[in-house]
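Novice: Here it is, the structure in full.
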Amino acid sequence: KKTLKEAKKAGLKTNVTLLYSDDITYAGVQKLPDGWDTDSAEKKALEYTKNVIKELKAADAVPTMITIGNEVNYNFLNMSSGDGWEGFVAMSKISKMIREEGIKPAVSVSAPTTDASDIQWIIGKLGNADVDYDYIGVNIYPDTHNDNYVKTLKNTVEEKADDHFQCQMSMERFRRKSQYNDTDKEHL
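Under our numbering, the first residue of the sequence shown carries the number 7, and numbering increases by one thereafter.
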């Protein structure tokens, strides 16, 4: 909270990432916190998010954005049946709550392992589940993803999500065009 307050005072934009886990999460590993199970995970995640926002507001440490999870490709909250549909729906509810609290929601996904154009599957799932977000972070690993891969990834996102996003590859972020305005250009 102290770091968020100092960053805010300095005029910086800030991000808090909620992992919904007692450990770091990755594309293939989304272990739930102790005491959570898949049946109650959505409810507990909503409560947790609400409590975090409440604490941040009370401390005057509200971030610019909150990222929902890390590398949540298909198994957010450990919900992997039906290609993770229940996880995408839960993410949608969480993103809407974050937006209602006046904070920009974001999601973090892992770049597909071998074919960068497979990112369109993730974009489609996020859209079909009506996940509300201003930013999408795509984790790219230099030992796995070369320059051609990154170019293909960027081109695929621009092609498949052109109506919704302004692409910015310097930090692997994509920003909704509906939220983009000329005053933001210097920050992208």
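Idealized CB from N, CA, C, for every residue including glycine.
In this text the structure is predicted, and so the values were computed from the model without any measurement.
Thinking C-beta only, is Val22 closer than 9 Å to Pro69?
Specialist: Position 63 of the sequence shown, counting from 1, holds the residue named residue 69. Position 16 of the sequence shown, counting from 1, holds the residue named residue 22. Against a cut-off of 9 Å, the Cβ pair of Val22 and Pro69 comes out as a contact.
Novice: Using the beta-carbon count (16 or more within 10 Å), is Glu48 buried or exposed?
Specialist: Working through the sequence shown from its first residue, we reach residue 48 at position 42. The residue is buried, with at least 16 neighbouring Cβ atoms inside 10 Å.
Novice: Which word fits Lys157, buried or exposed, when buried means at least 16 other C-beta atoms lie within 10 angstroms of its C-beta?
Specialist: Taking the first residue of the sequence shown as 1, we reach residue 157 at position 151. Classification for Lys157: exposed.
Novice: As an exercise, report each continuous alpha helix (DSSP H) stretch of at least 4 residues that is fully enclosed by the stretch 18-69, in chain order.
Specialist: 44-64
Novice: Checking 9 Å against the spacing of the C-beta atoms, do Ile129 and Pro118 come in under that value?
Specialist: Counting from 1 along the sequence shown, the entry for residue 129 is found at position 123. Counting from 1 along the sequence shown, the entry for residue 118 is found at position 112. The answer is no: Cβ separation not under 9 Å.
Novice: For a test of the three-state rule: what should DSSP assign to Lys7, helix, strand or coil?
Specialist: The residue labelled residue 7 in the question sits at position 1 within the sequence shown. Coil at Lys7, not helix or strand.
Novice: Would Thr96 pass as a contact of Ala51 if the rule is Cβ separation under 9 Å?
Specialist: The sequence position of residue 96 within the sequence shown is 90, counting from 1. The sequence position of residue 51 within the sequence shown is 45, counting from 1. Residue identity check: residue 96 is Ala in the sequence provided, not Thr. It is a contact, given that the beta carbons lie within the stated cut-off.
Novice: Given this structure, state the Cα-to-Cα distance separating Thr73 from Ala65, to the nearest angstrom.
Specialist: Numbered from 1 along the sequence shown, position 67 holds the residue referred to as residue 73. Numbered from 1 along the sequence shown, position 59 holds the residue referred to as residue 65. Rounded to the nearest angstrom, the two C-alpha atoms are 19 Å apart.
Novice: Within the continuous alpha helix (DSSP H) that includes Val137, where are the two ends?
Specialist: On the sequence shown, residue 137 is found 131 positions in, with the first residue counted as 1. Neither: Val137 is in no alpha helix (DSSP H) and is coded neither H nor E.
Novice: Looking only at C-alpha atoms, which of Ala33, Asp89 and Glu165 sits nearest to Asn145?
Specialist: Residue 145 sits at position 139 when you count from the first residue of the sequence shown. Comparing Cα positions, the closest option is Ala33.
Novice: For Phe82 and Glu12, what's the separation of their Cα atoms in angstroms?
Specialist: To locate residue 82, count along the sequence shown from 1; it is residue 76. To locate residue 12, count along the sequence shown from 1; it is residue 6. One C-alpha to the other measures close to 31 Å.
Novice: What would DSSP say about Ser114, mapped onto helix, strand or coil?
Specialist: Taking the sequence shown and counting its residues from 1, the one referred to as residue 114 is at position 108. Note: Ser114 maps to strand in three-state DSSP.
Novice: Could you compute how far the alpha carbon of Ile104 sits from the alpha carbon of Asn154?
Specialist: Taking the first residue of the sequence shown as 1, we reach residue 104 at position 98. Taking the first residue of the sequence shown as 1, we reach residue 154 at position 148. If you take the alpha carbons of Ile104 and Asn154, they lie about 35 Å apart.
Novice: Taking only the alpha-carbon atoms, compute the straight-line gap between Lys63 and Glu164 and give it to the nearest angstrom.
Specialist: Along the sequence shown, read from residue 1 onward, the residue named residue 63 stands at position 57. Along the sequence shown, read from residue 1 onward, the residue named residue 164 stands at position 158. Here the alpha carbons of Glu164 and Lys63 stand approximately 35 Å from one another.
Novice: Taking Ile100 and Met71 to be in contact with their CB atoms under 8 Å, please state how far apart those CB atoms are, rounded to whole angstroms.
Specialist: In the sequence shown, counting from the first residue as 1, residue 100 sits at position 94. In the sequence shown, counting from the first residue as 1, residue 71 sits at position 65. The distance from the Cβ of Ile100 to that of Met71 is about 13 Å, inconsistent with a contact at the 8 Å cut-off.
Novice: Under 9 Å, do Asn84 and Lys37 count as touching if we go by C-beta distance?
Specialist: Working through the sequence shown from its first residue, we reach residue 84 at position 78. Working through the sequence shown from its first residue, we reach residue 37 at position 31. Cβ distance < 9 Å, so Asn84 and Lys37 count as in contact.
Novice: Name, in chain order, the residues that DSSP records as bridge partners for Met71.
Specialist: Residue 71 sits at position 65 when you count from the first residue of the sequence shown. Partner(s): Asn21 and Lys110.
Novice: Quick one: what's got a C-beta closer than 6 Å to Asn134's C-beta in the same chain, skipping five residues either side?
Specialist: By 1-based counting over the sequence shown, the position of residue 134 is 128. Cβ within range, chain order: n/a, list empty.
Novice: Taking C-beta to C-beta, are Lys131 and Gly90 nearer than 9 Å?
Specialist: Looking up residue 131 in the sequence shown gives position 125. Looking up residue 90 in the sequence shown gives position 84. Contact: yes.
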